[in-house]
Amino acid sequence: MADEMADRTLTPTHPLADRRRLLAAVADETAGAVRLELEAPVAAVDLRLDPRGTGPAAIAADLGAELPSEPDTWTAHPTGTALRLGPDEWLLTSTAARPEDWEFHLDEVAVAHGGMAVDVSAQRTSLRVRGAARELLSFGCALDLRPAAFPRGRCAQTLLGQSGVLLAAGLDGDVDDLQILVRPSFAAYVADLLVDAAAELVPQPA
Amino acid sequence: MQLITCPWCGPREEIEFSYGGQAGVAYPEHPASLTDEQWAHFVFFRDNPKGPFAERWSHNAGCRRWFTAVRDTRTYRFLSSPTSNPELTS
Amino acid sequence: MTAGTSAPNTAPKPPGADLPEHPDHLWRDAEPKKAYDVVIVGGGGHGLATAHYLAKLGITNVAVLEKGWLAGGNMARNTTLIRSNYLWDESAGIYERALELWEGLEEDLDYPILFSQRGVLNLAHTEQDVRDSVRRVEANKLNGIDAEWLGPDEVAKVCPIVNVSSDIRYPVQGATFQPRAGIAKHDYVAWGFARRASEAGIDIIQDCEVTGFVTGGSGADRVTGVRTTRGTIAAGTVALCAAGHTSTLLDMLGVRAPLQSHPLQALVSELLEPVHPTIVMSNAVHVYVSQAHKGELVMGAGVDSYNGYGQRGAFHVIERQMAAAVELFPVFARAHLLRSWAGIVDVTPDASPIIGHTPYENVFLNCGWGTGGFKATPGLGWAFADTLAHGRPHPLVAPFGLDRFVSGALVDEHGAAAVAH
Amino acid sequence: MSRVDGYGRIDRSRTVTVTVDGTAYTGHPGDTVASVLLAHGARPQNSSVKYGRPRGIGAAWTEDPVGLVQVEEPFPEPMLLAATVEATDGLVVRGVAGQGRLAEVPDTARYDRKHTHCDVLVVGAGPAGLVAARAAARAGRSVVLVDDRSAAGGTLTGTETIDGRPSLEFVADTVAELAALGVVHLQRTTAFGHYDDGFVLALERRGESARTRQRVHRIRAGRVVVAAGAIERPIAFEDNDRPGVVLAASARDLLHRHGVLAGREVVVFTSDDAAYAAAADLADAGASVRVLDARERAPQAGRRRCEERGVPVETGTLVHGTRGEDRVTAAVVGPDRREVPCDLLLVSGGWNPAAHLASHVGGSLVYDPVIGAFRPAELPPGVTVVGAANGTFALADVLREAGGPEAPVAPAQEWPEPTLVLWRTPGDPARQFVDIARDATVADVERAVGAGMSHPEHVKRYTTIGTAHDQGKTSGIIALGIIAELTGRPIQEVGTTTARPPYTPVAFAALAGRERGDLFDPVRTTALHAWHVAAGAEFEDVGQWQRARHYPRAGEDMTAAVLRECAAVRTSVGIMDASTLGKIDVRGPDAPVLLDRLYTNLMSSLKVGRVRYGVMCGNDGMVFDDGTVLRLAEDRYLVTTTTGNAAAVLDRMEEWLQTEWPDLRVRLTSVTEQWSIAAVAGPRSRDVIGAVFPGVDVSAEAFGFTTWQDTSLDGVPVRLARISFSGELAFEVTVSSPYAPALWERLVEAGAPYGITPYGTETMHVLRAEKGYPIIGQDTDGTVSPHDLGMAWAVSTKKDDFVGKRSYARAENRNPLRKQLVSLLPTDGATKLPEGSQIVAHCDDGRLPPAPVPMLGHVTSSYHSAALARPFALALVKGGRERLGEVVHVPVGDELVAARIGESVLVDPEGARRDG
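Chains as they are written, first to last, in numbering that gives the first Met the number 0: chain A, 0 to 205; chain B, 0 to 89; chain C, 0 to 420; chain D, 0 to 915.
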């Protein structure tokens, strides 16, 4: 992606650029209990396929990894992840491709199988919560986020406060973390909500 | 606030869903051939039973799929496991 | 009362915390007779008011059938707002007639119904709110209804506890104000009507649920009697005043009406020193609050989204209402939610009631008031009694016939009516 | 000082000072305001709501019908029970006379919500709750245990033995075991509401010094175990409201929790065994105690314990009343009304199960004549009630019922005597208080019943019994009992009143939680928001979005700024952020079919590369939304919606697609935030676009109106479309949102030579109004059809059907007097008609006729026009298009303003300007 970017002088702006410092401060304030990080934008398409058709296999062959077959789960592929959003809907991300190429390429494969791919790279922005992520989100999310109920590999579209979000558990695997994908226009609200809730994790003076 | 079982996402909080009212009210084949009264009944009139009611719900904050379920309007309890549109489930 | 007089060290009473005494007799619990000229199904506010005004027309061979305890449905559960500042002429007509009657009701019923005209503010928070508000105020004025548009500063003068600062999420841009709007004590209103009707010889029959209707002859378009849990009662005319339960009755008659019954929640705080001099409603920031006579804050929450006859709603609706209340009235922060409950409101596609003829020539319909039923009580009772007496819709209710959904002549209060209630 | 050494779970090494009604009292951590007052033999200076009679402390916890205080410091809070307010240093409270007082300043304390999930939620950490929680936890369930008191143990005082050990040792061990088993154990936490599917709301009081003062736990449990105990039942007798009349178990609780002896000379009036424990304990603590048992026989064990302590027990004896002024000095006993001196009169009429939480979710109750109370009957799935809450009172039975196979054991009670159910004793009903909080007496109940009221709800409303802060926790059942007596019906038949949330009062702010201030409702902003802010924009709320309304320069008001911005667009070039428009990618072979069914006009005939304006209606034929439709490919469209309706339009399209036409091969994807849109409008817009995109031939011939082209800027894909909402030559520039700020800068830079002017929504509204383009939601209100808007041209006659078409054939839609969109020009050429103004017929005398005045319609939009150099308006007028040229009147304040009806298009009706 770096080379692709090289010829571009039109520079992108992160939707949460003005919250970066605020979010970073949380780690210190909570004595490391929880960390909030902005993630670099990635290419993403909304993939629609008949799950009973030949499409999923074709896409899997192209990606070199199976699409998640279970509801509300995600799988990794060589350049990104595939999150299952619905019966006939997946979100496919790539850190390697340019958004327009990612759409064009996957669409080509999908259309041949009665499906389609639509570029949604800028439709969501991503926040990563590390550490006490599950507890932090419990202040605004009604979903059962206990590891047993929402283990690594699970994802879910749900509500965080009053904003729709797409949550994914443990994308890195090593440390317990949650990824929050949210619409850019709601991102500041979600960031402020999390920062406010993080105060609950600040160690109380004895 | 009750749990509603989305056929795809499983049990979720009521606020994630939007209500679609009575299920099984089909759009008329030939609206033009209907009398004003028949058309009015399609547009405005819906059953309002005290008891089991087949309803449409949409899991708006989740997978955005519509499904139908039977619920008792007295107890609010869902009587049937929701069934989603066959076209859309694996 | 003796405890008062004989009580040691009687201190001054706190303002308003005390309520007037009730009469020693309210109504006769009647046994159903074999037949009545008019059978009113539903012993709520509308049924009882209709009975009262029928009596004024000299029609007293009347039964009011209540399936539970008198006025125990929405009448016992509503938040008692009375106003007439509706947009459309048709609505303004019936609600304004009701307000006129409210203004004389205490005398008419000889009952302390605690009608208190403290005015209602309908807040505007967006440019479109402002347009809709001005539109409604101007329409009200031309219809002879008291109404004014107030800027934020004037809003603060009328109700100093409203947060009119510009730094809230949806700043108050102004409000419509109807000074003659008010509240009344719902139970007393129902009991006042019941007492008058009972005095006039009308039978008030509780624990009497309608289980079916007797139609005359084969496929006849008349109902000759009403089957109830206390026997079959012959009826000359049948008036349906069953609010949220109307569909159940209509199903028995094989008649369809565009009604959906939803839970509507309300709540009160503990008794508080007077702090809120008027009534405030806000659409954008959903708040609806007044302070009742004893000092409790009375609030109406939103209508729950789904059909329900359970007389209970979901808690997130209450939580959202509380958030809105604290946003607009910061001083409410430590007031306490004391009790919450729910009624069953019958909602129509155009948010206006359905009144008038049914396919049965002697069965008349009154339903679909949604959240507006209480304020209309005397007006509806007055016009519906006239409708029953003459066998045709009174001009004030004529626009609300079932046929409007066929013709398309709706009275759509969604767009412009301020927040419900 | 009635503090007793060796009693109480208070920290005597530290003291706290609380001020009540101006007097400072010292207490200890672990005290409540009530226990501090009683320790000093004092009471809050409050008087009753109706008769102004003195009120003391009636009970040790939430069932107290009296004992209300108003907190003044650290922050005013109305109507709290002295018995439930923990004594903290510096606390200032006062008694209340019926009404509480709210603070005049906003509450800055933090409140929040936390979601918790568990297999089993146990409500109550008394003996039943502790062993129920232990059993569940030992079985490997995830357990949450909440209890409203400051410490676990419930009614256990330490005098009992469990598994052969002092009960409090058992409590301590169990609490430790629960912690070890990972149970989430919350004290000072009241489960106040129970909703469907195991959803329980619990309020945690974390203390005034905590960062977050109160927290609402939203608990979703697989099973809810209600172990909330029972509430002791008083007995009504004359002047039973007098300070010093206290529930027996409460006095015992005060002794064992707080080391407070509430009286020295104690009379215990009971019809139940439990009060004997209170008698014995108070005697042990040094009080002189006398037991008056209403029953003919006293329980053997109880009698023995009393005899051991020299506590006389009289059976078959009733208390008829009390003597005293501000507090009780004697009990009036027996038919001969002899006076038995006392400074504390304890009462126990038995126990009422606290099964409220089961009732919240529709659990039914049945009257049990043996205990004289309602106990749970039918329970909803997933709900269990154990222990006293279930009507099981003896400790041994409670443990067995709640503890399962590993239940601990307690010695069985020897020879219990059945409770005598006694609502009142003989006496003057007007002095016998049923609901002390509401000053409601037996006489009031008699009057209610005499007035024809038989249903408890009627009596409740007539007498106000059960409506106070305690919601009738002690009075409700007595009222029912007396109604039953008076009407000669069994209680079960009289019925009960339903328990509804909350179990105890909860502060509004606690329920608002985090949804306050900035977090009350999300503020949605576009990728260009920072630029607008820097440019000094004024914003307006459109739904949750904040859109730049105008960009005032120094000294400009909105009118001036908007006139300037309008002029710039009409004479040179302006730029606006149109990113909030809803955008939906419609994709699939049947996309044309779907759009033909949803839009009033034809979309299948739209050629790839072209753009068409479309109108969407509901089944009722009324305009629901509008926007442009770009055909991107044979099987692909990009649909735009109004800002406010973006979500609603997508929802409606999905609803049609999924529930009516699932056979259509189409998929919908929201791309509202994927793409940002800059609208560049004005005669010089071509120069600006040409400069930024030199590779694009922007000539009218190569780039015609209502066409679009894809291009790129520095390798970033950009879409250009010639769409105009102002009537001027205009381009919409669409780019992936992260690149919008950079692209916008390029456009502004390129426009500098032409004085490119950023303009906001207000200017956009003026420009479109000059062209007669309606704003859905402003010029429509859900009762307006496309024909009413003069958009018959947008309603296809070729299509058999589309959503709403059938409704146009209805009688009302053919009514010639339907309101139609027209323009309105004030004849004085100066008055800007207020939006929303009503329109009446021309009044020759210039005066309004008396009300009601028929209305012809109303002003939907009204502005000052730079192009017309005058104010103008759009209006919906009955039969408007038949009235062109007519003069009507518009009431503005006390004036009648004459205005002439005209065509809705006022600027460039022939559309000559759109090509520049």
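Positions of the beta carbon are idealized from the N, C-alpha and C atoms, including for glycine. Just so it is clear, the structure is predicted and the values come from calculations on it, not from any experiment.
Option nearest residue i by Cα separation, candidates the options
i       : options                               : result
R430(D) : D280(D), T642(D) and T321(D)          : T321(D)
H27(D)  : D63(D), R11(D) and A534(D)            : R11(D)
P67(A)  : D17(A), R127(A) and A155(A)           : A155(A)
L637(D) : D650(D), Q657(D), T558(D) and R718(D) : R718(D)
G355(C) : A183(C), D345(C) and G367(C)          : G367(C)
G72(C)  : A29(C), V133(C) and A189(C)           : A189(C)
Presumed contact (8 Å Cβ cut-off) between residue i and residue j, rounded CB distance
i       : j       : result
A186(A) : L15(A)  : 5 Å
D619(D) : V42(B)  : 6 Å
A97(C)  : G378(C) : 3 Å
S289(C) : I182(C) : 5 Å
V382(D) : P126(D) : That pair is no contact at about 20 Å.
Cα-Cα separation, residue i to residue j
i       : j       : result
A95(A)  : W56(B)  : 39 Å
V63(C)  : A82(D)  : 47 Å
V259(D) : R319(C) : 42 Å
H24(C)  : P392(C) : 34 Å
A533(D) : L824(D) : 37 Å
R76(B)  : V223(D) : 17 Å
A1(A)   : D713(D) : Confidence at A1(A) is low in this model, with a pLDDT of 40, below 50, so the placement of that residue should be treated as unreliable; the coordinate-derived value is given next. Rounded to whole angstroms, A1(A) to D713(D) spans 15 Å at the Cα level.
F268(D) : L485(D) : 24 Å
T16(D)  : T22(D)  : 10 Å
I93(C)  : L364(C) : 16 Å
A293(D) : I204(C) : 41 Å
V444(D) : A436(D) : 15 Å
E12(B)  : A198(A) : 26 Å
A279(D) : V245(D) : 16 Å
H420(C) : V119(C) : Residue placement at H420(C) is flagged as unreliable, the pLDDT there being 41, under the threshold of 50; a coordinate-derived value is accordingly withheld.
P11(C)  : K49(D)  : At P11(C) the pLDDT is 47, less than 50, meaning the model places this residue with poor confidence; the figure from the coordinates comes in the next sentence. About 9 Å.
R179(C) : V889(D) : 25 Å
DSSP beta-bridge partners of residue i
i       : result
E12(B)  : L2(B)
L180(A) : S125(A) and L165(A)
D709(D) : R718(D)
N618(D) : Partner(s): none; N618(D) has no beta bridge.
F933(D) : No answer is possible for residue 933(D): the residues shown for chain D start at 0 and end at 915.
D71(A)  : Looking at the DSSP assignment, D71(A) forms no beta bridge with any residue, so it has no partner.
N121(C) : T175(C) and M280(C)
Q. Between the region 840–855 of chain D and the region 803–815 of chain D, do at least 3 Cβ pairs fall closer than 8 Å?
A. no
Q. Do the region 299–306 of chain C and the region 491–504 of chain D meet, that is, are 3 or more Cβ pairs less than 8 Å apart?
A. no
Q: Check whether the region 173–182 of chain D touches the region 203–223 of chain D, counting contact only when three or more Cβ pairs, one atom from each stretch, lie closer than 8 Å.
A: no
Q. Would you call the region 869–881 of chain D and the region 805–820 of chain D touching, i.e. three or more CB-CB distances under 8 Å?
A. yes
Q) Three or more C-beta pairs closer than 8 Å, one from the region 56–75 of chain A and one from the region 123–136 of chain A: is that the case here? A) no
Q. Can at least three beta-carbon pairs, one atom from the region 52–60 of chain D and one from the region 68–79 of chain D, be found at a separation below 8 Å?
A. no
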